[in-house]
Structures are given as structure tokens and as C-alpha cells.
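2 protein chains.
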Amino acid sequence: MRIGDLARHAQTQAETIRYYERVGLLPETARTEGNYRVYDNRHVERLSFIRYCRGLDMSLEEIRALLRFMDAPNENCAGVDAILKAHIGHVSRRVKELQSLKRRLQALRRACSAPRESRQCGILSEISASSQQPTIAPAEHVGGTHGIHGKTA
Amino acid sequence: MRIGDLARHAQTQAETIRYYERVGLLPETARTEGNYRVYDNRHVERLSFIRYCRGLDMSLEEIRALLRFMDAPNENCAGVDAILKAHIGHVSRRVKELQSLKRRLQALRRACSAPRESRQCGILSEISASSQQPTIAPAEHVGGTHGIHGKTA
DNA sequence: CTTGACTCTATAGTTGCTACAGGGTTTTAA
DNA sequence: TTAAAACCCTGTAGCAACTATAGAGTCAAG
Chain A
196 MRIGDLARHA
206 QTQAETIRYY
216 ERVGLLPETA
226 RTEGNYRVYD
236 NRHVERLSFI
246 RYCRGLDMSL
256 EEIRALLRFM
266 DAPNENCAGV
276 DAILKAHIGH
286 VSRRVKELQS
296 LKRRLQALRR
306 ACSAPRESRQ
316 CGILSEISAS
326 SQQPTIAPAE
336 HVGGTHGIHG
346 KTA
Chain B
196 MRIGDLARHA
206 QTQAETIRYY
216 ERVGLLPETA
226 RTEGNYRVYD
236 NRHVERLSFI
246 RYCRGLDMSL
256 EEIRALLRFM
266 DAPNENCAGV
276 DAILKAHIGH
286 VSRRVKELQS
296 LKRRLQALRR
306 ACSAPRESRQ
316 CGILSEISAS
326 SQQPTIAPAE
336 HVGGTHGIHG
346 KTA
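Residue numbers (my numbering), protein chains in the order written: chain A, 196 to 348; chain B, 196 to 348.
Written as C-alpha cells, this is what we have:
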């Protein structure tokens, strides 16, 4: 199997695969005479595992930690649960933040019911006024509302 | 007022201020003879506005658009409402995604009630099994659970 | 007149990829 | 047989929104 086949099997891009190899999530593989990477089913499984975890929004570091458990099948797996628990914590916190954010944004929006000149816009006035107050603490381990860029095809 | 004073007033770092200037959110300022940037209260207001919007998790592009309305006080402000509406949409979608994510993660966690050897870990087995299935579509305009890196002061 | 606090520019790092550029290799079709 | 198409390689730069250096200059106080 060459990199393109692996890419198709695991619904990833070849460049992502090379990237994972570079950062040590996938092992360096054997090469053909023409210097092409060669893969087998175990690579499909490992890559699919990684992609699935990414779909669960885990960071590469978290995934790396999970893979260490996969790679050491005799060790105690309590750490796996710990990783998941921590990750759920991040997600929960982020949900709460975004919900309160949403309420604030909706309140803001009610401040300008009808279009008028910017100078009198209720929304802009509200933001301006609020921004003179001290601010709330922002997210910590948790990403913004806006994209990380991968369509993660 | 020099950059450090502005930073204190708006609870930002000096480097962030220089960054905003570079990307055009803050105007280039006058300089002292020693080449130090000079600011006044209008800069405090503008920067506070930006930081407040960042606290609302708006992207710099969205903020740039809002600032254009501030800078053109005679124009119709309907666009302001549109920006907010769209942003609320992003946030809502992200909340829903994260909530379903959380449920999936919690289900996963129930798959391994007691610590044992990694080889038999219910969580790892579950992920491995699931990852052989086709995946769900991921986020689109919306960031990961994990940090964009700014502690944002 | 030197120490310390402040400022300047320029560049690299963070995350998780994506997208080239500028080559080489294999496969396919004329 | 050969030439084009399709694939692969390495290396580097780009995205968001900063942060964090390095290496320099400026300015006030002791």
C-alpha cells in the first residue's frame, strides 16, 4: 500500500499522513526502491484511530498519550480513563462558556432593533460602553468559536 | 501615553498592541523623537472595544468589520446586526457540536469501568472499533476544544 | 554615569494541518 | 517505445491570534 491508498482508506490526505509521521504519531515506514512509503493494514488501523480521536476533538498530545497505551498493551490503562475524563472536562467548560457567550450576544443584538446610522447603533454603543468595564476571563485550554483551518476532510 | 500605559489601561500586552497595528486594527500612531509610539484616550477606547469583542469570541475579521462601521458613523448599521447574527450562529452550532461530542465521550468512558491492562481496555477497544466505521463530518467555521494559545492576558 | 525600566524592530514559535514549488517514479495509453 | 498522466518525494511557507524571544536603542532616577 502506498501513501495514496492509505489516505483513501483512512479518509485523510497524504500530506496529513506525512505530517503525522514527522511529529511521531505514525512510525517511519519502509520504503520502496523508488523511495515511496509502504503501508499495511496496521497503519490503516492506527491512522483511523488517530482520525477518530481528532473527530472527538482531542489534541494530538492527548492522542499521542492514548497511542502510548496502545503501544504498551501490558500496562495498566487507568491513564486512558484519566485522559478522557480531562478531555470531557475541557469540552464541558467550553460548552458553558459558549452558552453564556451566546446569551450575551443575544442581549447585545436586542440593543439595536431597527437599522439606523452607525453613530446611533445600539449594538455599537453597548459594546463601547461595556468595553470600558473590566473584562471577563477568557478560555484557557479551549479553542475559539472560529475555525482551526482544517476542513479535516 | 506610551504603549505600556495603553496596555495597562486596556488590559492587553504591548506586543498585542503592536500586532494589532501591524494587521491594521489600530492606526499607526505618532512617534516621539525617540521613536516611541504615542497614544491618547481614543486609542484606549478603540483597543478596549477590540478586546471586548475578542472576549465575545469574535474573529479579528469580524471585529475589523465592526470597526469599519464605527469609522463611518453616517452609514446604515444594519450590517452590524448581520455580523452579530452570524456570529451567534457560529456559537450555537459549536455548542451543539460540543454537546454531542460530550455525550459520545461519556459513553466511551463507560466502556471501561475498571482499570485493567491496556490490551483489554474497553475505551481503547471501543475507539478502535468505531474508527473502522466511516466518520462524522467535523466543525467548519468553528474552533477546536483545545486552545488557541493566547492566555489572552 | 550607570543602572533599571521602558521601548523599538525583526523573527520564530504555538496547533494542526494545507498548499505550494521543484523535483523524481510509475503507470498507462498512443 | 515513448510520452503523458498520475503518483510520490522533500522542503518551505501559510492560516489565526497572538506570545516570546534576541538584540538593540531611549530615558529617568540615583
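The C-beta atom is built at its ideal place from N, Cα and C for all residues, glycine as well.
Since the model is a prediction, treat every value here as computed from it, not as a measurement.
Between the CA atoms of residue j and residue i - distance to the nearest angstrom
i, j, result
"Ala-332(A)", "Gln-208(B)", "Confidence in Ala-332(A) is poor, its pLDDT being 45 and thus under 50, which makes the residue's placement too unreliable to answer from."
"Leu-262(B)", "Val-233(A)", "53 Å"
"Ala-267(B)", "Ser-295(B)", "42 Å"
"Glu-216(B)", "Leu-255(A)", "33 Å"
"Lys-291(B)", "Arg-305(B)", "22 Å"
"Ile-258(B)", "Asp-276(B)", "13 Å"
"Leu-303(B)", "Lys-297(B)", "10 Å"
"Gly-199(B)", "Ala-260(B)", "27 Å"
"Glu-321(A)", "Leu-201(A)", "53 Å"
"Leu-353(B)", "Met-265(A)", "Limits of chain B in this structure are 196 at one end and 348 at the other, which puts residue 353(B) out of reach."
"Arg-289(A)", "Tyr-231(A)", "42 Å"
"His-204(B)", "Arg-249(A)", "40 Å"
"Gln-206(B)", "Arg-197(B)", "14 Å"
"Arg-187(A)", "Leu-293(A)", "Outside the shown range of chain A (196 to 348) lies residue 187(A), about which nothing can therefore be said."
"Glu-223(A)", "Ala-324(A)", "56 Å"
"Thr-227(B)", "Leu-221(B)", "18 Å"
"Val-218(A)", "Met-253(A)", "16 Å"
"Arg-307(A)", "Thr-340(A)", "According to the sequence shown, residue 307(A) is Cys rather than Arg. Each residue's alpha carbon lies about 23 Å from the other."
"Ser-225(B)", "Gly-317(A)", "Inspection of the sequence shows that residue 225(B) is occupied by Ala rather than by Ser. Taking the straight line joining both Cα atoms gives about 32 Å."
"Ile-212(A)", "Glu-210(B)", "35 Å"
"Val-286(A)", "Gln-301(A)", "22 Å"
"Asp-235(B)", "Gly-229(B)", "18 Å"
Presumed contact (8 Å Cβ cut-off) between residue i and residue j, rounded CB distance
i, j, result
"Arg-299(B)", "Leu-251(A)", "7 Å"
"Tyr-247(A)", "Ser-326(B)", "4 Å"
Partners in chain B for residue i, counting only beta-carbon separations shorter than 8 Å
i, result
"Pro-310(A)", "Asn-271, Cys-272, Ala-273, Asp-276"
"Leu-357(A)", "What the structure shows of chain A is the stretch from 196 to 348, and residue 357(A) is not part of that stretch, so it cannot be assessed."
Listed by chain order, chain A residues near residue i by CB distance under 8 Å
i, result
"Pro-268(B)", "Glu-312, Ser-313, Arg-314"
"Ile-283(B)", "Lys-297, Leu-300, Gln-301, Arg-304"
Under 9 Å by beta carbon: chain B residues contacting residue i
i, result
"Met-196(A)", "Chain B residues near Met-196(A): none, gap ~16 Å exceeds 9 Å."
"Gln-208(A)", "Ordered by position in chain B, no residue passes the 9 Å Cβ test against Gln-208(A), which lies about 14 Å from the chain."
7 Å Cβ cut-off: residues of chain A touching residue i
i, result
"Ile-322(B)", "Phe-244, Tyr-247, Cys-248"
"Arg-289(B)", "Leu-293, Thr-340"
Under 9 Å from the C-beta of residue i: neighbouring residues of chain A
i, result
"Glu-240(B)", "Ser-323, Ser-326, Gln-327"
"Val-286(B)", "Leu-293, Gln-294, Leu-296, Lys-297, Leu-300, Thr-340"
Interface residues of chain B facing residue i [CB-CB closer than 7 Å]
i, result
"Val-218(A)", "What Val-218(A) touches in chain B: nothing, since even the nearest Cβ is about 15 Å away."
"Met-279(A)", "Here residue 279(A) turns out to be Leu, not Met, going by the sequence shown. Within chain B, the residues near Leu-279(A) are Leu-300, Leu-303, Arg-304, Ile-318."
Legend entry - At least 3 beta-carbon pairs within less than 8 Å: the segment 257–274 of chain B vs the segment 299–314 of chain A: Counting C-beta pairs closer than 8 Å gives three or more between the segment 257–274 of chain B and the segment 299–314 of chain A, which meets the contact rule.
Inset, instruction - Any chance you could list the alpha helix (DSSP H) runs of at least 4 consecutive residues sitting entirely within the segment 246–326 of chain B, in chain order? - result: For the segment 246–326 of chain B, whole alpha helix (DSSP H) runs of length 4 or above, ordered along the chain, are 255–266, 273–305, 317–326.
Inset, instruction - Answer yes if the segment 235–244 of chain A comes into contact with the segment 282–295 of chain A, meaning at least three C-beta pairs across the two stretches below 8 Å, and no otherwise. - result: In this structure the segment 282–295 of chain A does not lie against the segment 235–244 of chain A, because fewer than three pairs of beta carbons, one per stretch, are closer than 8 Å.
Inset, instruction - Mind listing, in chain order, the continuous alpha helix (DSSP H) runs of no fewer than 4 residues lying wholly within the segment 209–245 of chain A? - result: Residue ranges of uninterrupted alpha helix (DSSP H) with 4 or more members, entirely inside the segment 209–245 of chain A and ordered along the chain, are 209–217.
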